Amino acid sequence: MKRLIINADDFGYTRGVNAGIVHAHREGVLTSATVMANGGAFEDAARLARETPTLDVGCHLVLVEGRSLITGKLLPETPRQLLIALAMRRIDVYGELRAQIEKVIAAGIRPTHLDSHKHTHLAPSVFRIVLRLASEFGIPYVRLPLDRTVQFARLPCAMTSRYYRRLAAGYHILMTDHFLGFRLTGSLNEDTFTAALSRLPEGTTEFMCHPGFLDPELEQAPTRLKESRLREVEALTSPRARELMTAEGIRLGSFAD
Numbered sequence: 016m017k018r019l020i021i022n023a024d025d026f027g028y029t030r031g032v033n034a035g036i037v038h039a040h041r042e043g044v045l046t047s048a049t050v051m052a053n054g055g056a057f058e059d060a061a062r063l064a065r066e067t068p069t070l071d072v073g074c075h076l077v078l079v080e081g082r083s084l085i086t087g088k089l090l091p092e093t094p095r096q097l098l099i100a101l102a103m104r105r106i107d108v109y110g111e112l113r114a115q116i117e118k119v120i121a122a123g124i125r126p127t128h129l130d131s132h133k134h135t136h137l138a139p140s141v142f143r144i145v146l147r148l149a150s151e152f153g154i155p156y157v158r159l160p161l162d163r164t165v166q167f168a169r170l171p172c173a174m175t176s177r178y179y180r181r182l183a184a185g186y187h188i189l190m191t192d193h194f195l196g197f198r199l200t201g202s203l204n205e206d207t208f209t210a211a212l213s214r215l216p217e218g219t220t221e222f223m224c225h226p227g228f229l230d231p232e233l234e235q236a237p238t239r240l241k242e243s244r245l246r247e248v249e250a251l252t253s254p255r256a257r258e259l260m261t262a263e264g265i266r267l268g269s270f271a272d
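For this note's numbering, count along the sequence shown from 1 and bump the result up by 15.
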């Protein structure tokens with residue numbers, strides 16, 4: 016069976032991003048989202064999540080960009096700077112990520128899964144902390160963001176996957192069979208989306224996306240994903256995509272299922 020979870024990252028980034036995510040869920044095939052506890056529009060996202068109980072919500076853990084919840088200071092700007100901070104022991108990863116999860120729960124959201132901004136939890140030391148927190152909070156799923164459709168990535172992803180899955184098994188944490196979307200970040204539209212769906216493998220796949228409406232906050236934000244977010248909304252609400260899922264026997268679901 017082909018099972019598909021379509022997850023929107025960056026819930027809570029701006030109000031326009033939030034609105035686009037909820038629209039793609041209510042009017043399209045989006046099933047899940049991960050919220051940024053330190054996002055500028057977190058409170059708006061939390062309100063929308065409470066008003067939209069059919070939207071499965073997890074935590075989009077942030078260790079780069081934005082401000083720390085425990086110190087108020089700026090976090091490292093890039094994954095490379097984060098690695099330096101980790102090596103120099105300048106960042107309390109456990110304390111920071113625990114504070115983010117606690118903020119999400121305090122807002123009335125029960126997270127079902129964890130992932131991270133810029134996939135920073137692929138750093139082994141961070142990955143272990145994320146697994147520990149998932150276990151402590153009873154959060155069943157953690158994303159394994161290894162997209163085998165990236166050119167020349169199939170063999171490295173297969174080898175790396177075994178290592179991370181062994182670690183997760185030690186904490187009794189689950190992962191989907193497959194992950195897609197990394198290769199299409201910034202270029203996801205109706206054509207590329209339906210092409211990816213037509214090649215969906217057997218098993219459970221998480222498809223990462225970044226939908227949203229372009230609002231003034233997003234226009235000023237330090238991200239390359241601006242106009243592309245609207246194209247993703249259009250793809251996720253496309254009748255053509257839904258018809259293809261039916262024809263291919265793709266079953267939509269969420270981590271909460």
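Note that the Cβ used here is the ideal one computed from N, Cα and C, for glycine as well.
Just so it is clear, the structure is predicted and the values come from calculations on it, not from any experiment.
Let's test the definition: count the other Cβ atoms within 10 Å of the Cβ of Glu242 and tell me whether it reaches 16, buried, or not, exposed.
Here the question's residue 242 lines up with position 227 in the sequence shown. The residue in question, Glu242, is exposed, as its Cβ has fewer than 16 Cβ neighbours within 10 Å.
Alpha carbons only, please: which of Glu42, Asp71, Pro68, Gly27 is nearest the one belonging to Glu58?
Sequence index remark: in the sequence shown, residue 58 carries index 43 (1-based). For the residues Glu42, Asp71, Pro68, Gly27, the minimum Cα distance to Glu58 belongs to Gly27.
Would you report the Cα separation of Arg177 and Ala183, rounded to the nearest angstrom?
By 1-based counting over the sequence shown, the position of residue 177 is 162. By 1-based counting over the sequence shown, the position of residue 183 is 168. Distance between the alpha carbons of Arg177 and Ala183: 10 Å.
Is Leu229 helix, strand or coil by DSSP?
Along the sequence shown, one-based indexing puts residue 229 at 214. Looking at Leu229 - three-state DSSP - the assignment turns out to be coil, as it is neither helix nor strand.
In or out: Leu170 buried (at least 16 other Cβ within 10 Å) or exposed?
Within the sequence shown, numbered from 1, the residue matching residue 170 stands at position 155. It counts as exposed.
In the DSSP output, what is Asn22 paired with across the bridge?
Position 7 of the sequence shown holds residue 22. Partner(s): Ser47, Met223.
Report the start-end ranges of each alpha helix (DSSP H) in the stretch 71 to 143 that is 4 residues or longer and not cut off at the edges.
If we require 4 residues or more, the alpha helix (DSSP H) runs fully inside the stretch 71 to 143 come out as 94 to 102, 108 to 121.
With distances taken between CB atoms, is the gap from Leu267 to Val79 smaller than 9 Å?
Counting from one through the sequence shown, the residue named residue 267 turns up at place 252. Counting from one through the sequence shown, the residue named residue 79 turns up at place 64. Against a cut-off of 9 Å, the Cβ pair of Val79 and Leu267 comes out as no contact.
Between Leu129 and Leu76, which are expected to be in contact by the criterion C-beta below 8 Å, what is the C-beta distance as a whole number of angstroms?
For the purposes of this step, residue 129 is taken as the residue at position 114 of the sequence shown. For the purposes of this step, residue 76 is taken as the residue at position 61 of the sequence shown. Contact flag correct, Cβ pair sits at about 6 Å.
Starting from Ile265, trace the beta strand (DSSP E) both ways and give me its first and last residue.
Looking up residue 265 in the sequence shown gives position 250. Start and end: 265 to 268.
Using only CA atoms, which one of Ala168, Ala173, Phe152 lies nearest to Cys74?
Here the question's residue 74 lines up with position 59 in the sequence shown. Checked all of Ala168, Ala173, Phe152; the closest Cα to Cys74 is Phe152.
Give me the DSSP bridge partner(s) of Tyr156.
As a first step, residue 156 must be located in the sequence shown, where it is residue number 141. His128, Leu189, per the DSSP bridge assignment.
Locate the alpha helix (DSSP H) running through Leu63, then write down its first and last residues.
Within the sequence shown, the letter at position 48 stands for residue 63. Per DSSP, Leu63 belongs to the alpha helix (DSSP H) from 57 to 66.
Run through DSSP, which three-state label would Leu161 get?
Locating residue 161 in the sequence shown gives position 146, where the first residue counts as 1. Coil.
Based on Cα-Cα distance, which residue from Gly54, Leu189, His193, Arg147 lies nearest to Glu217?
Here residue 217 is taken as the residue at index 202 of the sequence shown, counted from 1. Minimum Cα distance to Glu217 is reached at His193.
Take the Cβ of Pro160 as the centre, count every other Cβ of all protein chains shown within 10 Å, and call the residue buried at 16 or more, exposed below.
Looking up residue 160 in the sequence shown gives position 145. Buried is the call here.
Do the stretch 46 to 60 and the stretch 103 to 110 meet, that is, are 3 or more Cβ pairs less than 8 Å apart?
No, the stretch 46 to 60 does not touch the stretch 103 to 110.
How many whole angstroms separate the CB atoms of Ala256 and Leu212, which I take to be in contact at a CB cut-off of 8 Å?
Counted from its first residue, the sequence shown places residue 256 at position 241. Counted from its first residue, the sequence shown places residue 212 at position 197. Going by Cβ atoms, the distance from Ala256 to Leu212 rounds to 7 Å, so yes, they are a contact pair.
Quick check on Leu203: does DSSP put it in helix, strand or coil?
Numbered from its first residue, the sequence shown carries residue 203 at position 188. Three-state result, Leu203: coil.
Mapping DSSP to helix, strand and coil, what is Leu259?
On the sequence shown, residue 259 is found 244 positions in, with the first residue counted as 1. Correct three-state label for Leu259: helix.
With DSSP as the reference, please indicate the residues paired to Gly218 in a beta bridge.
Indexing the sequence shown from 1 puts residue 218 at position 203. BP columns for Gly218 point to Lys17.
Grab me the residues of Pro94's own chain with a C-beta within less than 7 Å of its C-beta, minus the 5 sequence neighbours each way, in chain order.
Indexing the sequence shown from 1 puts residue 94 at position 79. Taken in chain order, the residues that qualify are Val79, Lys133, Thr135.
Three-state secondary structure (DSSP) at Phe197?
Your numbering for residue 197 matches position 182 in the sequence shown. DSSP places Phe197 in coil when its eight states are reduced to three.
Determine, using beta carbons only, whether Leu233 and Ile265 come nearer to each other than 9 Å.
One-based indexing of the sequence shown puts residue 233 at position 218. One-based indexing of the sequence shown puts residue 265 at position 250. In this structure, Ile265 does not lie closer than 9 Å to Leu233 by Cβ.
Candidates Tyr179, Arg163, Ala173: which alpha carbon is nearest Phe142's?
Taking the first residue of the sequence shown as 1, we reach residue 142 at position 127. With distances taken between Cα atoms, Phe142 lies closest to Tyr179.
Does DSSP put Thr29 in a helix, in a strand, or in coil?
By 1-based counting over the sequence shown, the position of residue 29 is 14. Here Thr29 sits in coil by DSSP.
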